[in-house]
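A short write-up of the structure that comes next.
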Amino acid sequence: MTRTAFLVLKSPQEQDPTHMIKRLSEKEDASVILVEDGVYQALTPAPADRLSKATSHILVSREDLEARGFTPAELRTGKAAEYADIVDLIMEKTERTVTI
0 MTRTAFLVLK SPQEQDPTHM IKRLSEKEDA SVILVEDGVY QALTPAPADR
50 LSKATSHILV SREDLEARGF TPAELRTGKA AEYADIVDLI MEKTERTVTI
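Residue numbers for the sequence shown follow numbering that gives the first Met the number 0, so the first one is 0 and each next one is one higher.
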């Protein structure tokens with residue numbers, strides 16, 4: 000069970016979430032959920048690499064990814080997920096959720 004889910008809403012130009020992830024959780028206890036402009040974190044090489052090193056589980060909102068004109072095949076890290084999967088992770092498989 001993942002202890003902490005980090006909900007990332009902002010693009011890499013606005014924020015690097017890995018500092019907060021590392022401060023609040025161990026890699027194996029953290030999941031990252033990328034929504035809204037946060038999906039760019041999984042599309043851009045350097046931010047995607049930093050996220051991969053900070054956590055072992057990354058979900059990317061398929062709806063937000065496609066709304067920005069990208070496909071799951073373009074992800075550099077993580078896995079595209081439907082909103083239902085994201086809600087399930089937050090509600091059933093984590094102890095706490097941190098929005099950053």
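The beta-carbon is built from N, C-alpha and C at its ideal position, and this holds for glycine as well.
- Assigned with DSSP and collapsed to three states, I99 falls in coil, not helix or strand.
- A Cβ-Cβ separation of about 5 Å places R49 in contact with T17 under the 8 Å criterion.
- When secondary structure is reduced to three states using DSSP, S30 falls in the strand class.
- Across the structure, A66 and T54 are spaced so that their CA atoms are roughly 25 Å apart.
- In this chain, the alpha helix (DSSP H) harbouring L23 covers T17 to L23.
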